[in-house]
Amino acid sequence: MPNNDQFKSVLHDAKLICRTKFNAVKAIHGENNTQVVNIQNELKSVYRQFDDPAVWSQVLAFDHTKIMNLILKVGIADPNDLANFIKVTTDLLNLLKDEVLKAPLEKISQMAPSDWNLKTLDALRLTNQRIAGRERYFKNHGQDLSQNAEFKQIDQAYDVRAAEYRMLLNSNGVQSNQTDVILITRFGEMMKQSTAVPVFLGLYKGLSDYVNSKIPRP
């Protein structure tokens with residue numbers, strides 16, 4: 324992996340200062356203020372893109388002086404002056420998008436998933452179909468899983484994890500192997516055959532935990 328330690332430190336400072344100043348702005352102008360909501364969404368959107376491991380697999384070029392000056396402007400912004408806060412924050416976010424993220428994201432978009440990643444993506448797709456089929460099966464047999472609290476918790480966690488895993492597979496942010504394909508496929512086959520809700524839920528949680536284990540964490 325490239326050494327992006329200096330930028331990691333700068334990004335940490337940017338996130339911290341933006342979050343601290345935003346909280347002060349929100350306390351004054353209200354969390355339902357349209358401009359406050361919009362800038363919050365933009366903050367989340369930009370910073371979330373740095374969560375992709377594929378971004379960090381490349382050297383992130385940046386102008387240290389330029390970005391630190393913009394971070395400073397956010398830090399000293401008067402939270403009572405909403406318009407100025409939005410301007411300086413937007414300037415910082417635009418710099419991150421245009422001068423730091425643009426090149427690596429373009430390169431990621433041009434990367435084709437590896438063969439095993441493609442096979443794992445296909446295994447996930449087939450397993451998701453089998454999960455949906457079991458939901459219909461149980462509903463037709465008088466057990467509506469949409470009303471089952473344990474199922475909803477597992478299902479929501481899996482949706483988030485599977486979406487992140489698919490993104491990583493598509494961008495080659497992770498490299499899968501034959502074991503991943505076999506296990507994900509096997510989970511799907513066993514869930515398809517399950518006729519008891521507790522067994523199905525246990526398998527679903529096992530699949531979710533396995534997918535989660537494949538996602539790199541800081």
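Numbering (the numbering used here), first residue to last: 324 to 541. Using N, Cα and C, we set each Cβ at its ideal position, and we do this for glycine too.
Whole-number beta carbon distance between residue j and residue i, since they are thought to touch under 8 Å
{"i": "G496", "j": "P376", "result": "4 Å"}
{"i": "P402", "j": "K344", "result": "7 Å"}
{"i": "N500", "j": "W439", "result": "5 Å"}
{"i": "L416", "j": "E365", "result": "6 Å"}
{"i": "E458", "j": "L468", "result": "5 Å"}
Straight-line gap, residue i to residue j (C-alpha atoms, nearest Å)
{"i": "V423", "j": "K331", "result": "12 Å"}
{"i": "K528", "j": "K349", "result": "38 Å"}
{"i": "E354", "j": "A400", "result": "18 Å"}
{"i": "R342", "j": "V369", "result": "13 Å"}
{"i": "G465", "j": "M514", "result": "18 Å"}
{"i": "A455", "j": "R489", "result": "18 Å"}
{"i": "A426", "j": "H335", "result": "20 Å"}
{"i": "W379", "j": "F373", "result": "8 Å"}
{"i": "G398", "j": "D404", "result": "13 Å"}
{"i": "Q381", "j": "N327", "result": "8 Å"}
{"i": "D386", "j": "I431", "result": "22 Å"}
Cβ-based burial, residue i [other Cβ within 10 Å; buried from 16]
{"i": "V360", "result": "exposed"}
{"i": "L393", "result": "buried"}
{"i": "T450", "result": "buried"}
{"i": "A337", "result": "buried"}
{"i": "A485", "result": "buried"}
{"i": "I390", "result": "buried"}
{"i": "I505", "result": "exposed"}
The ligand PLP heavy atom lying under 7 Å from the CB of residue i
{"i": "M513", "result": "For the ligand PLP, the structure offers nothing, since it holds no ligand at all."}
is_contact[residue i, chain B] using C-beta, thresh 8 Å
{"i": "Q479", "result": "No chain B is part of this structure, which consists of one protein chain only."}
The segment 519-533 contacting the segment 474-489, beta-carbon criterion three pairs below 8 Å: yes
Cβ pair count under 8 Å reaching 3, the segment 511-526 against the segment 461-476: yes
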